[in-house]
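So the structure is just underneath, and the comments pick up after that.
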Amino acid sequence: MGADDLLKRIQNNRTLGASQILRLGLRAARALIKELYPLPENQRYIRFRAFTLELASARPSMAPLLRLANDLNFLWDEAENLKALEQALNELKRFLEAQRQRVVESAAELFAGKRRILVHSWSSSVVDTVLRLQPFQVFCTESFPGLEGRRTARKLLEHRIAVTVVTDPAVPEVLSEVELVLVGADAFTTEGFYNKVGTHLLAVAAQAFRVPLWVISESYKGLPRDLAPLYQPEEAPFRIPSALQEATWIRPLFDFTPWHQAKGLVAEGGILGIQGIQQLLESLQVHPILEAYREVLI
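Each residue of the sequence shown is one higher than the last, beginning at 176 in this note's numbering.
The structure is reproduced here in structure tokens:
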């Protein structure tokens with residue numbers, strides 16, 4: 176599958192999580208490099224830079240794609256030739272795979288012994304953490320409108336974990352029964368995090384019931400201040416009934432939760448508080464190509 180085909184797959188998919196979308200982005204980058212070999216040097220440069228912007232705009236609600244587009248531009252600057260660029264991309268892929276594994280290890284160690292957990296939507300890092308914990312009972316929100324929570328439930332049932340599926344509005348009915356709420360993140364900034372719609376209300380409800388809500392996420396989903404404006408949450412792609420076409424609809428696919436409504440972030444290095452998140456994101460550089468792209472969009 177070529178780079179353009181993989182970009183279209185990224186654009187059209189609304190069920191995969193951010194980590195899985197990132198894997199597709201890495202595949203697209205590898206495919207592109209192979210396509211560059213027959214081209215003259217000047218065309219390689221133009222095609223590669225254009226690809227990074229296409230990648231950034233393919234799913235601007237997925238922070239890892241923005242980070243990947245940014246990193247690819249730095250890798251191009253540093254690579255002496257296409258072979259070196261391929262090697263650097265493979266090293267980045269291995270680094271990101273190890274990063275996600277360390278996130279799961281950190282979360283599993285932190286939450287060891289928890290018996291009743293509630294999770295929202297689909298997050299591969301959350302699911303892998305729960306599989307390591309082997310809790311007595313997991314409550315999965317259905318996660319309207321994409322119903323990704325059903326996918327989470329199926330995965331846990333395959334591993335013989337007891338699951339109760341909860342419709343989103345009924346979450347307060349079960350919060351008194353859980354010790355912990357775990358959610359993923361599609362992006363995070365110094366102010367808070369983006370995740371599947373319903374996360375913010377879940378965080379508010381969890382606070383009311385004094386149940387800690389933790390975010391499990393690789394730091395690669397973090398957006399520095401100069402990159403954050405490129406992030407664009409999506410609308411839910413459900414069909415509007417013909418009788419209601421003239422109504423105004425508010426139908427976000429993702430929502431934003433401030434950090435003060437979560438217990439904290441578990442990343443590959445363990446727990447990150449607000450100060451740690453700020454230090455992490457302030458240390459990240461944004462490539463001039465992405466800075467120029469941001470200025471055009473703004």
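Think of the CB as a built atom: it goes at the ideal place given N, C-alpha and C, for glycine as much as any other residue. In this text, all values refer to a predicted model and were calculated from it rather than measured experimentally.
Nearest by alpha-carbon distance to residue i: which of the options is it?
i: residue 208; options: 263, 451, 460; result: 263
i: residue 434; options: 469, 324, 296, 362; result: 362
i: residue 299; options: 287, 275, 316, 283; result: 275
i: residue 237; options: 271, 205, 196; result: 196
i: residue 289; options: 239, 303, 313; result: 313
i: residue 157; options: 356, 342, 403; result: Since the displayed the chain opens at 176 and closes at 473, residue 157 lies outside it and no answer follows.
i: residue 346; options: 335, 331, 417, 380; result: 380
i: residue 393; options: 327, 374, 445, 216; result: 445
i: residue 440; options: 353, 466, 285; result: 285
i: residue 430; options: 417, 455, 411; result: 411
i: residue 409; options: 426, 422, 400, 367; result: 426
i: residue 167; options: 331, 321, 377, 320; result: Missing from the structure shown is residue 167; the chain here goes from 176 to 473 and no further.
i: residue 272; options: 287, 239, 249, 250; result: 239
i: residue 344; options: 320, 365, 245; result: 320
i: residue 371; options: 177, 183, 415, 190; result: 190
i: residue 365; options: 304, 225, 458; result: 458
Who pairs with residue i in a beta bridge, going by DSSP?
i: residue 389; result: 357, 439
i: residue 276; result: Residue 276 pairs with nothing; no bridge assigned.
i: residue 446; result: 441
i: residue 373; result: Partner(s): none; residue 373 has no beta bridge.
i: residue 244; result: According to DSSP, which records beta bridges pairwise, residue 244 is partnered with nothing at all.
i: residue 235; result: DSSP, once it has assigned bridges, lists no residue as partnering residue 235.
i: residue 362; result: 369
Take the Cβ of residue i as the centre, count every other Cβ of all protein chains shown within 10 Å, and call the residue buried at 16 or more, exposed below.
i: residue 180; result: exposed
i: residue 252; result: exposed
i: residue 424; result: exposed
i: residue 463; result: exposed
i: residue 419; result: exposed
i: residue 471; result: exposed
i: residue 258; result: exposed
i: residue 324; result: buried
i: residue 223; result: buried
i: residue 317; result: buried
i: residue 187; result: exposed
i: residue 295; result: buried
i: residue 404; result: exposed
i: residue 132; result: There is simply no residue 132 to check, as the chain begins at 176 and stops at 473 in what is shown.
i: residue 413; result: exposed
i: residue 417; result: exposed
i: residue 215; result: exposed
i: residue 310; result: buried
i: residue 226; result: buried
Under three-state DSSP, which class holds residue i?
i: residue 255; result: coil
i: residue 408; result: coil
i: residue 367; result: strand
i: residue 219; result: helix
i: residue 291; result: strand
i: residue 190; result: coil
i: residue 397; result: strand
i: residue 433; result: strand
i: residue 226; result: helix
i: residue 337; result: coil
i: residue 309; result: coil
i: residue 316; result: strand
i: residue 427; result: strand
i: residue 328; result: helix
i: residue 270; result: helix
i: residue 380; result: helix
i: residue 463; result: helix
i: residue 346; result: helix
i: residue 282; result: helix
i: residue 322; result: coil
i: residue 413; result: coil
i: residue 212; result: coil
i: residue 402; result: coil
i: residue 122; result: In the structure displayed, the chain extends from 176 to 473; residue 122 sits before or after that span and is not available.
To the nearest whole angstrom, what separates the beta carbons of residue i and residue j, a pair I think is in contact under 8 angstroms?
i: residue 360; j: residue 396; result: 6 angstroms
i: residue 292; j: residue 234; result: Between residue 234 and residue 292 the Cβ distance is about 29 angstroms, and since that is not below 8 angstroms, they are no contact.
i: residue 443; j: residue 278; result: 5 angstroms
i: residue 219; j: residue 211; result: 5 angstroms
i: residue 388; j: residue 349; result: 14 angstroms between Cβ atoms; not a contact.
i: residue 391; j: residue 282; result: 5 angstroms
i: residue 402; j: residue 241; result: 6 angstroms
Under 8 angstroms between C-beta atoms, does residue i make it to chain D?
i: residue 405; result: Chain labels in this structure do not include chain D; a single protein chain is all it has.
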